[in-house]
Amino acid sequence: MTVTGPGNAPDAPHVVDVVALGESMVTFLPTRPGRLADVPSFDRGIGGAESNTACALAAAGHTTRWVSRVGADGFGDHLLETIADHGVDVSYVRRDPDRPTGVYFRTAGDRAGDTHEVAYYRAGSAASAMSVTGVDLDAAGAGRVLHLSGITAALSDGCLALLRHLTAPRPGRPLISFDVNHRPGLWRDGPGPEVLLELARGADIVFVGEDEAESAWGIDGGPSSIRAALPEPDILVVKQGARRAVAFGRTAGGRAARGHGGPPVRAEPGAGKDGHGGTPPAPVRAPRPAATAPALDVDVVATTGAGDAFAAGFLSATLRGLPLRTRLRHGHLTAAAALTAPGDLAAPPARALADRLAALDDTAWGRLRLGPGWTHADQGPEEEVRTP
Numbered sequence: 010m011t012v013t014g015p016g017n018a019p020d021a022p023h024v025v026d027v028v029a030l031g032e033s034m035v036t037f038l039p040t041r042p043g044r045l046a047d048v049p050s051f052d053r054g055i056g057g058a059e060s061n062t063a064c065a066l067a068a069a070g071h072t073t074r075w076v077s078r079v080g081a082d083g084f085g086d087h088l089l090e091t092i093a094d095h096g097v098d099v100s101y102v103r104r105d106p107d108r109p110t111g112v113y114f115r116t117a118g119d120r121a122g123d124t125h126e127v128a129y130y131r132a133g134s135a136a137s138a139m140s141v142t143g144v145d146l147d148a149a150g151a152g153r154v155l156h157l158s159g160i161t162a163a164l165s166d167g168c169l170a171l172l173r174h175l176t177a178p179r180p181g182r183p184l185i186s187f188d189v190n191h192r193p194g195l196w197r198d199g200p201g202p203e204v205l206l207e208l209a210r211g212a213d214i215v216f217v218g219e220d221e222a223e224s225a226w227g228i229d230g231g232p233s234s235i236r237a238a239l240p241e242p243d244i245l246v247v248k249q250g251a252r253r254a255v256a257f258g259r260t261a262g263g264r265a266a267r268g269h270g271g272p273p274v275r276a277e278p279g280a281g282k283d284g285h286g287g288t289p290p291a292p293v294r295a296p297r298p299a300a301t302a303p304a305l306d307v308d309v310v311a312t313t314g315a316g317d318a319f320a321a322g323f324l325s326a327t328l329r330g331l332p333l334r335t336r337l338r339h340g341h342l343t344a345a346a347a348l349t350a351p352g353d354l355a356a357p358p359a360r361a362l363a364d365r366l367a368a369l370d371d372t373a374w375g376r377l378r379l380g381p382g383w384t385h386a387d388q389g390p391e392e393e394v395r396t397p
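Residue numbering for the sequence shown follows the numbering used here, starting at 10 and increasing by one per position.
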């Protein structure tokens, strides 16, 4: 794809496969383990849930666009240049002369550790000034899929109003993909859980972790309980950590099938009730997943960006019209690429390799063990991507 340089956006945005809207920041990664107070130097990278997904989709061969705001500073230059280098259209990112680009520092290793530290410097950032009038809505809407996350809603009142506008039902809107991304620290005492549930109910495809649903909404009965509380999306993907992911589909008559834009969504046997918004009829029995895919056995290097990569793999397969179980497997494979590499961004496996692995029978899928460098394996027998 051709990427138009920042500040030189064409008058009428061309339609791309996926538009991702949200904040990206410059990330400073320590050159050695230790407390932030003790680390003498850092390597520069980038981080942002939505742009991570856009970059992975671009690497998988899709046309993508990132819509956001960055400061008129060197860090903003770095974000635009780096994301554009990944094949993403950044020509509709606005530069803010008064607000800085957000940055953050973190310690080495996995975010799950008790000693892990993250220091954010994003208050008053350029991205927090995103609003209905502060971004290019035409560019945001010119995609088969518009990918959003709950992080954006927490940045400011203007950002929340923007997400409410984008997820509101209207004829011809893109297929809305929404990653809940519950970050309690961003909401402090605000109405985060209620807002995230509201936005998820307006989306067509929703990604949520089982642990997120419990911490945000107090739902502890598993995926079927989450679907019962969130019946509106055409597709609900519940991630159960290192165990598996499940997807709930919608029968014919769901939002996408009724002409709300976006790629076609297969009519899978699922549990969602028909209807757009409002209170659904009480279910007679607990909703059952339409598809399930066990997670892969992975030698984890870092978990950063794995959720964003999963969304990218699933959306890539969705754009190709693949069945729900295959979409879940592509999500796992793209997440495995992120889990076996440092930093927020990792190139996904080549499409031919991903297709071959996603097509394995259940026994062969369960035998896969993936380690660093597996995405560069030759496209031979499946054992070639197993670590010794």
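Every residue gets a Cβ at the ideal spot worked out from N, C-alpha and C, and that includes glycine.
Are there 16 or more other CB atoms within 10 angstroms of the CB of residue i, so buried, or fewer, so exposed?
i: Thr343; result: buried
i: Ala46; result: exposed
i: Val24; result: exposed
i: Arg53; result: exposed
i: Asp353; result: buried
i: His174; result: exposed
i: Leu377; result: buried
i: Thr40; result: exposed
i: Pro200; result: exposed
i: Ala295; result: exposed
i: Thr176; result: buried
i: Pro232; result: buried
Starting from residue i, trace the beta strand (DSSP E) in both directions and tell me its first and last residue.
i: Thr161; result: Taken as a continuous stretch (DSSP letters only), Thr161 belongs to no beta strand (DSSP E), being part of the alpha helix (DSSP H) at Gly159 to Ala162.
i: Val247; result: Ile244 to Gln249
i: Arg210; result: Premise fails: Arg210 lies in the alpha helix (DSSP H), Gly201 to Arg210, not in any beta strand (DSSP E).
i: Leu184; result: Leu184 to Asp188
i: Arg53; result: Phe51 to Gly56
i: Asp371; result: Note, Asp371: premise wrong, no beta strand (DSSP E); alpha helix (DSSP H) at Asp371 to Arg376.
i: Ile214; result: Ile214 to Gly218
i: Pro39; result: Met34 to Pro39
i: Arg115; result: Val112 to Arg115
Taking the continuous alpha helix (DSSP H) assigned at residue i, which residues delimit it?
i: Arg336; result: Leu333 to Leu348
i: Ala326; result: Ala315 to Leu328
i: Trp75; result: That residue, Trp75, is in no alpha helix (DSSP H); its beta strand (DSSP E) goes Thr73 to Val76.
i: Arg360; result: Arg360 to Ala367
i: Pro232; result: Pro232 to Ala238
i: Glu166; result: Going by the sequence as given, residue 166 is Asp instead of Glu. That run of the alpha helix (DSSP H) goes Asp166 to Thr176.
i: Ala93; result: Gly83 to Asp94
Is residue i near residue j, with beta carbons less than 9 Å apart?
i: Arg236; j: Leu245; result: yes
i: Asp105; j: His156; result: no
i: Ala311; j: Ala254; result: no
i: Thr116; j: Asp98; result: no
i: Ala256; j: Arg336; result: yes
i: Leu172; j: Val144; result: no
i: Gly150; j: Arg197; result: no
i: Ser56; j: Thr313; result: It is worth fixing the name first, because residue 56 is Gly in this sequence and not Ser. Their beta carbons are under 9 Å apart, which means Gly56 touches Thr313 by this criterion.
i: Thr36; j: Asp82; result: no
i: Trp383; j: Pro357; result: no
i: Arg192; j: Ile228; result: no
i: Ala326; j: Ala63; result: no
i: Ala58; j: Ser186; result: no
i: Leu195; j: Val215; result: no
i: Ala367; j: Ala315; result: no
i: Gly211; j: Pro178; result: yes
i: Leu30; j: Met139; result: yes
i: Tyr101; j: Arg74; result: yes
i: Ala300; j: Leu333; result: yes
**Request:** State whether the stretch 134-148 contacts the stretch 73-82, with contact taken as three or more CB pairs (one from each stretch) at a distance under 8 Å.
**Result:** Taking 8 Å as the limit for Cβ pairs, the verdict is that the stretch 73-82 does touch the stretch 134-148.
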